[in-house]
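Below: one structure, written as structure tokens.
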Amino acid sequence: MAKPAGQSCISSASRFNRSGFRQLELLELLQAMSEAGHAQFIIATHSPILLSCPGARLCGFDRIPVRQVRFEETDHYRICREFLEDPARPAAAGRS
Numbered sequence: 006m007a008k009p010a011g012q013s014c015i016s017s018a019s020r021f022n023r024s025g026f027r028q029l030e031l032l033e034l035l036q037a038m039s040e041a042g043h044a045q046f047i048i049a050t051h052s053p054i055l056l057s058c059p060g061a062r063l064c065g066f067d068r069i070p071v072r073q074v075r076f077e078e079t080d081h082y083r084i085c086r087e088f089l090e091d092p093a094r095p096a097a098a099g100r101s
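Residue 59 in the working numbering sits at position 54 of the sequence shown; the count goes up by one each step and never skips.
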């Protein structure tokens with residue numbers, strides 16, 4: 006089935022999942038295409054890097070009903086922030 010003109014699909018972004026650098030490359034691409042008004046994206050990710058995309062509308066699926074959340078409210082952001090603030094702290098010690 007042919008795609009309508011002007012639409013495309015990235016069915017697997019697995020090559021971008023290999024490193025933080027690749028995720029930053031994808032983030033730059035997403036920003037450029039969105040700012041130019043050429044595209045909209047629906048992305049399911051656990052990557053705090055991709056979740057940080059400026060202007061992104063983040064939806065949390067961990068509760069019913071699905072709700073819009075801020076980047077700083079995501080578990081992925083919170084866990085990374087806490088780890089980077091104190092990497093020596095054991096994972097089980099007070100992290101929720």
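Don't be surprised by glycine CBs; every beta carbon is placed ideally from N, CA and C.
With 16 or more neighbouring CB atoms inside 10 Å of its own CB, CYS58 falls in the buried class. Pairing GLN73 with SER52 gives a Cβ-Cβ distance that is not under 8 Å.
Annotation: GLU87 to HIS43 spans about 36 Å, alpha carbon to alpha carbon. CA-to-CA, the gap between ARG75 and LEU63 works out to about 7 Å. Annotation for ALA41: no residue places its beta carbon closer than 7 Å to its own, counting only its chain and skipping 5 residues before and after.
A direct Cα-to-Cα measurement between MET38 and ILE54 gives close to 17 Å. PRO92 and GLU33 have their C-alpha atoms roughly 28 Å apart. By the neighbour-count criterion, in which 16 or more other beta carbons inside 10 Å mark a residue as buried, LEU89 falls on the exposed side.
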